[in-house]
Structure formats: C-alpha cells, structure tokens
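Beneath this line is the structure, given in structure tokens, with notes to follow.
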Amino acid sequence: MKIIECVPNFSEGKNNETFEAIKSAIDSIDGVKLLNLEPDGDYNRVVVTMAGSDEGILNGAVNASLAAAEHIDMRNHKGEHPRIGAIDVVPFIPVSGSTMEECVKISEKYAEIISGKLNVPVYLYENSARKPERQNLANIRKGEYEGLEEKLKDPEWQPDYGPAVFNPKLGAIVTGARFFLIAYNVNIDSADLSYAKKIAEILRESGYPKRDENGNVIKKDGKTVRVPGRLKSVKGMGVALEKFNLTQVSMNLTNYNITPIHVAFEEVKKEAARLGVKVKGSEIVGLVPKEALLMAGRFYTDNRIENEKELINAAIENLGLDSLAPFKPEEKIIEYMI
Numbered sequence: 001m002k003i004i005e006c007v008p009n010f011s012e013g014k015n016n017e018t019f020e021a022i023k024s025a026i027d028s029i030d031g032v033k034l035l036n037l038e039p040d041g042d043y044n045r046v047v048v049t050m051a052g053s054d055e056g057i058l059n060g061a062v063n064a065s066l067a068a069a070e071h072i073d074m075r076n077h078k079g080e081h082p083r084i085g086a087i088d089v090v091p092f093i094p095v096s097g098s099t100m101e102e103c104v105k106i107s108e109k110y111a112e113i114i115s116g117k118l119n120v121p122v123y124l125y126e127n128s129a130r131k132p133e134r135q136n137l138a139n140i141r142k143g144e145y146e147g148l149e150e151k152l153k154d155p156e157w158q159p160d161y162g163p164a165v166f167n168p169k170l171g172a173i174v175t176g177a178r179f180f181l182i183a184y185n186v187n188i189d190s191a192d193l194s195y196a197k198k199i200a201e202i203l204r205e206s207g208y209p210k211r212d213e214n215g216n217v218i219k220k221d222g223k224t225v226r227v228p229g230r231l232k233s234v235k236g237m238g239v240a241l242e243k244f245n246l247t248q249v250s251m252n253l254t255n256y257n258i259t260p261i262h263v264a265f266e267e268v269k270k271e272a273a274r275l276g277v278k279v280k281g282s283e284i285v286g287l288v289p290k291e292a293l294l295m296a297g298r299f300y301t302d303n304r305i306e307n308e309k310e311l312i313n314a315a316i317e318n319l320g321l322d323s324l325a326p327f328k329p330e331e332k333i334i335e336y337m338i
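Per the UniProt record's numbering, the sequence shown starts with residue 1, numbered consecutively.
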C-alpha cells in the first residue's frame with residue numbers, strides 16, 4: 001500500500017473558521033485522509049497532518065492550500081514562530097510503498113499548480129532543493145515575511161516556481177520532500193535539568209562548543225569550534241517535565257534508518273548510567289511509521305519473532321513508551337490510522 005504524508009504549516013493559530021475550511025477542503029478529496037490538525041495560539045500557526053496516495057496527497061495539499069489562502073492575510077499576522085508566508089511550508093514525506101524521488105516529483109507538481117493558481121513565489125527545499133543553500137528551511141525563511149519583498153529583488157533568491165513578485169497577502173511558499181521526522185523524548189528520573197542537557201549535547205549530531213582549560217568557548221576565524229555528537233541525524237536538547245518531576249532528552253530523529261529509535265534510547269541509557277541517573281521510559285510525540293517500531297521490536301527480541309503485533313508490543317515494553325501515558329498503536333502508528 002502506497003502511503004505518502006503531507007504536513008502543511010499554515011500561518012493561523014486562532015481562527016476556527018480557517019481550520020474548518022482547511023478540514024473541509026481535505027475531506028472533499030478522494031485518496032487522502034486528514035489525520036491531525038493542531039493549532040498553536042502563541043505561534044499563531046496550525047500544523048495539519050494528512051496521508052494518502054500520490055494523487056490524493058497532491059490534490060489534498062493543493063485544496064488545503066487554496067482554502068488557507070482564502071482566509072489568511074499576512075499583512076495582519078503576528079506570531080512567535082518564523083514564517084515566510086500564509087502557506088508557510090508544505091513537506092511531502094514517503095511513509096510506505098513510496099520513494100523520496102516520488103515525493104520530490106509530487107512537491108514539484110504541487111509547486112507548479114499552486115504558484116499558478118495563487119500567483120505566489122514558491123521555493124523548493126530539503127531533497128527537492130535545486131541549490132545547496134536551499135536545502136535548509138531556515139536559509140529560505142531568513143528575513144521572514146517582513147523581509148521577503150527585498151529578498152525577491154536579489155538574483156540569488158529568485159523563486160523556483162511562480163513570479164519573483166511580492167504577494168503582500170500570501171508571502172511565499174516553501175515545499176519539498178523530506179524524510180519522516182520522529183519527535184522522541186527519553187525521560188530522565190531526575191528533576192535536575194543539567195543531566196538531560198549534558199546527555200543531549202553528547203549525543204546530538206551538532207554536539208557542543210569546545211572549551212579551553214578556563215572554560216572559555218574556543219573560536220576559529222570568528223566561528224565557534226564544536227565537538228561533534230555521537231548520533232547522526234539527531235537534534236536534541238534537555239527539557240524539564242515539571243508535572244512528572246522528571247526531565248527529558250528531547251530529540252528529533254530526522255532519519256530513523258540512520259539513527260533508529262532503539263539506538264537513541266540505548267545511547268541515552270548509557271550516558272545516564274555514566275552520570276549516575278536512571279532512565280524512566282520514553283515517549284513519541286505525534287505519529288510514527290510502523291517500520292520504526294518494528295525495527296526496535298526486532299532489536300529487543302534478537303530477531304526471534306516475526307509477528308507484527310508481538311514486535312510492536314516488544315518495542316513499547318522495552319522503550320517504556322507507556323510510562324507517561326498509554327501508548328495506543330492504533331492512534332500512534334500512521335499506517336494503522338489510514
């Protein structure tokens with residue numbers, strides 16, 4: 001079964017009329033299912049999750065974007081989250097039976113259609129990027145909506161699709177294909193945040209600033225020298241979880257084939273033991289591909305089990321995924337929700 005996910009981020013976090021319009025726009029399309037719509041008032045932003053076939057996901061993304069464009073006006077937008085437009089970013093993600101190359105083509109088709117319908121500049125990022133500097137979303141967003149009019153005058157920042165003309169109502173759109181991002185937190189049985197921060201620094205790919213014997217950050221050519229972390233494709237930080245009297249190593253696993261969930265968990269356990277603290281289970285925020293849990297299940301059963309349900313239960317038990325709240329596979333695994 002071919003499943004592609006799309007997670008558009010729209011610059012509206014408060015208006016229910018806008019949310020209902022986006023929901024209706026997706027629900028009217030065959031071959032796609034709305035899985036989640038999560039607004040944030042402080043960010044003034046809504047994250048929408050849908051999944052479906054290649055044709056369904058393309059039509060769903062276009063329809064949702066057209067609905068958002070009708071209701072959002074960037075001239076009135078204020079929010080804590082960086083953004084470049086009303087339809088800020090529209091990533092396409094291969095989940096099962098689909099490839100990154102297919103998602104690149106879908107993102108290009110989306111860019112072609114939406115730029116024509118809305119007369120808006122569109123940039124390609126991540127695996128769809130046509131220039132290295134456009135792979136990173138932060139580079140495209142630099143200057144945000146407020147700096148976009150000037151940015152479009154720069155020959156280096158001509159859009160990949162659509163006119164190089166400022167659209168004051170909608171700003172610009174960023175789209176592309178990327179790998180599935182898993183938001184994964186490991187619980188540290190201590191209210192002292194320094195342990196979680198230290199573990200995150202050691203493990204995340206970006207590592208931590210190198211210091212001299214006096215504790216001063218070492219710089220070379222004006223840039224901070226960093227000690228690289230142990231785990232590739234991992235972003236991480238320490239956060240407090242006050243209501244449970246715990247702290248967490250909060251991670252984004254940007255490619256679970258490079259650093260699987262169980263590897264991240266075991267490495268946190270190893271560092272926690274070295275620091276003299278214990279791990280108390282973990283949690284997955286949002287949805288997860290089935291294969292990511294099957295990989296963990298195979299690891300913890302030494303490949304002795306083939307039954308899918310038993311493998312997933314082994315992953316839940318060994319990772320402690322129900323330590324803070326019940327982990328319901330039918331509500332957390334993307335394939336089971338479709």
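Cβ atoms here follow ideal geometry from the backbone N, Cα and C, with glycine treated the same way.
### Start and end residues, alpha helix (DSSP H) containing residue 141
Mapped onto the sequence shown, residue 141 falls at position 141. Following the DSSP letters along the chain, one finds residue 141 inside the alpha helix (DSSP H) bounded by residues 137 to 141.
### Query
Along the chain, which unbroken stretches of the alpha helix (DSSP H) at least 4 residues long are found entirely within the region 49 to 129?
With a minimum length of 4 residues, the continuous alpha helix (DSSP H) runs that stay inside the region 49 to 129 are 54 to 71, 100 to 118.
### Close-in-space but distant-in-sequence residues of the same chain around residue 41 (CB under 7 Å, 5 per side omitted)
Taking the sequence shown and counting its residues from 1, one reaches residue 41 at position 41. Close CB contacts of residue 41 within its chain, under the 7 Å cut and outside five residues either way in sequence, are with 13, 14 (chain order).
### Query
Hey, how far is the Cα of residue 104 from the Cα of residue 134?
Within the sequence shown, residue 104 is the residue found at index 104, counting from 1. Within the sequence shown, residue 134 is the residue found at index 134, counting from 1. Each residue's alpha carbon lies about 14 Å from the other.
#### Entry: residue 199 versus residue 238: straight-line alpha-carbon distance, rounded
Translated into positions along the sequence shown, residue 199 becomes position 199. Translated into positions along the sequence shown, residue 238 becomes position 238. Roughly 8 Å separates the two Cα atoms.
### Query
Got a sec, what are the start and stop residues for the beta strand (DSSP E) residue 334 sits in?
Within the sequence shown, numbered from 1, the residue matching residue 334 stands at position 334. Element bounds for residue 334: not the beta strand (DSSP E) but the alpha helix (DSSP H), 334 to 337.
### Task
Can you give me the Cβ contacts of residue 19 inside the same chain, cut-off strictly under 7 Å, excluding the 5 residues immediately before and after it?
On the sequence shown, residue 19 is found 19 positions in, with the first residue counted as 1. Excluding sequence neighbours, residue 19 sits near 37, 39, 46.
### alpha helix (DSSP H) segment containing residue 203, residue limits
Sequence index remark: in the sequence shown, residue 203 carries index 203 (1-based). First-last of the alpha helix (DSSP H) with residue 203: 193 to 203.
### Query
I think residue 92 touches residue 57, with their Cβ atoms under 8 Å apart; what is that distance to the nearest whole Å?
For the purposes of this step, residue 92 is identified with residue 92 of the sequence shown, where counting begins at 1. For the purposes of this step, residue 57 is identified with residue 57 of the sequence shown, where counting begins at 1. Right, their Cβ atoms sit about 7 Å apart.
### Cβ neighbour criterion (16 or more within 10 Å) applied to residue 218
For the purposes of this step, residue 218 is taken as residue 218 along the sequence shown, with counting starting at 1. The residue is exposed, with fewer than 16 neighbouring Cβ atoms inside 10 Å.
### N-terminal and C-terminal residue of the beta strand (DSSP E) that residue 322 is part of
Counting from 1 along the sequence shown, the entry for residue 322 is found at position 322. For residue 322, no beta strand (DSSP E) encloses it, and the DSSP letter there is neither H nor E.
### Message
Between which residues of its own chain and residue 250 is the CB-CB distance below 6 Å, once the five residues before and five after are set aside?
### Response
Within the sequence shown, numbered from 1, the residue matching residue 250 stands at position 250. Around residue 250: 185, 237, 239.
### Minimum length 3: unbroken beta strand (DSSP E) runs contained in the region 254 to 294
Segments of the beta strand (DSSP E) lying fully in the region 254 to 294: 279 to 285.
### Query
Along the chain, where does the alpha helix (DSSP H) that runs through residue 38 open and close?
Numbered from 1 along the sequence shown, position 38 holds the residue referred to as residue 38. No alpha helix (DSSP H) contains residue 38, which is instead part of the beta strand (DSSP E) from 32 to 40.
### Task
Can you say whether residue 336 is buried or exposed, counting buried as having 16 or more other CB atoms within 10 angstroms of its CB?
Here the question's residue 336 lines up with position 336 in the sequence shown. Label assigned to residue 336: exposed.
### Cβ pair residue 227, residue 174 closer than 7 Å
As a position in the sequence shown, residue 227 is number 227, starting the count at 1. As a position in the sequence shown, residue 174 is number 174, starting the count at 1. Against a cut-off of 7 Å, the Cβ pair of residue 174 and residue 227 comes out as no contact.
### Message
Going by C-alpha to C-alpha distance, which of 270, 320, 235 sits closest to residue 256?
### Response
Taking the sequence shown and counting its residues from 1, the one referred to as residue 256 is at position 256. Looking at the Cα atoms, 235 is the closest of the given residues.
#### Entry: Check whether residue 87 and residue 107 have beta carbons under 7 Å apart
Translated into the one-based positions of the sequence shown, residue 87 becomes position 87. Translated into the one-based positions of the sequence shown, residue 107 becomes position 107. No, Cβ-Cβ distance for residue 87 and residue 107 is not below 7 Å.
### Query
Whose C-beta lies closer than 8 Å to the C-beta of residue 208 among residues of the same chain, with five residues either side of it excluded?
Position 208 of the sequence shown, counting from 1, holds the residue named residue 208. Scanning its chain for C-beta atoms nearer than 8 Å, with the 5 sequence neighbours on each side dropped, one finds around residue 208 the residues 201, 202, 226, 227, 229, in chain order.
### Query
If we count the other Cβ atoms within 10 Å of its Cβ and call it buried at 16 or more, is residue 224 buried or exposed?
Your numbering for residue 224 matches position 224 in the sequence shown. With fewer than 16 other CB atoms across the displayed protein chains lying within 10 angstroms of its CB, residue 224 is exposed.
### Exposure label - residue 332; buried when at least 16 CB within 10 Å
Position 332 of the sequence shown holds residue 332. Buried, since its Cβ has 16 or more Cβ neighbours within 10 Å.
### Query
Looking at the structure shown, is residue 19 part of a helix, part of a strand, or coil, going by DSSP?
Here the question's residue 19 lines up with position 19 in the sequence shown. Here residue 19 sits in helix by DSSP.
### Query
Can you tell me where the alpha helix (DSSP H) with residue 151 in it begins and where it stops?
For the purposes of this step, residue 151 is taken as the residue at position 151 of the sequence shown. Per DSSP, residue 151 belongs to the alpha helix (DSSP H) from 148 to 151.
### Query
How many angstroms separate the CA atom of residue 282 from the CA atom of residue 141?
As a working mapping, residue 282 is identified with position 282 in the sequence shown. As a working mapping, residue 141 is identified with position 141 in the sequence shown. Taken atom to atom, the span from the alpha-carbon of residue 282 to that of residue 141 is near 32 Å.
### Message
Let me confirm a value: residue 349 is counted as buried when at least 16 other C-beta atoms fall within 10 Å, else exposed. Which label applies?
### Response
Lying outside 1 to 338, the shown extent of the chain, residue 349 is not represented and no answer is given.
### Query
Applying the criterion that 16 or more other CB atoms from any shown protein chain within 10 Å of the CB defines a buried residue, is residue 1 buried or exposed?
As a working note, residue 1 is residue 1 in the sequence shown. Residue 1 is exposed by the Cβ-count criterion.
#### Entry: Distance, residue 183 Cα to residue 31 Cα
As a first step, residue 31 must be located in the sequence shown, where it is residue number 31. As a first step, residue 183 must be located in the sequence shown, where it is residue number 183. In a straight line, the C-alpha of residue 31 is about 26 Å away from that of residue 183.
### Message
I'd like to know if the region 186 to 193 and the region 108 to 127 are in contact, where contact means that at least 3 CB-CB pairs between them fall below 8 Å.
### Response
Segments in contact, no.
### Query
For residue 258, which residues of its own chain have a beta-carbon under 6 Å away from its beta-carbon, when the five flanking residues on both sides are left out?
Indexing the sequence shown from 1 puts residue 258 at position 258. Cβ neighbours of residue 258 beyond the five flanking positions: 232, 233.
### Separation of residue 264 from residue 196, as counted between CA atoms
Against the sequence shown, residue 196 aligns to sequence position 196. Against the sequence shown, residue 264 aligns to sequence position 264. If I take the Cα positions, the gap works out to 13 Å.
### Own chain residues within Cβ distance below 7 Å of residue 148, not counting five before or after
The residue you call residue 148 lines up with position 148 of the sequence shown. So the qualifying residues of the chain are 84, 166, 171, 172.
### Query
Mapping DSSP to helix, strand and coil, what is residue 218?
Residue numbering aside, residue 218 sits at position 218 when the sequence shown is read from its first letter. The three-state reading of DSSP puts residue 218 in coil, since its state is none of H, G, I, E or B.
### Message
Using 7 Å as the threshold, is the C-beta distance between residue 122 and residue 176 below it?
### Response
Working through the sequence shown from its first residue, we reach residue 122 at position 122. Working through the sequence shown from its first residue, we reach residue 176 at position 176. Inclusion of residue 122 and residue 176 in the CB contact set at 7 Å is not warranted, their separation being larger than that value.
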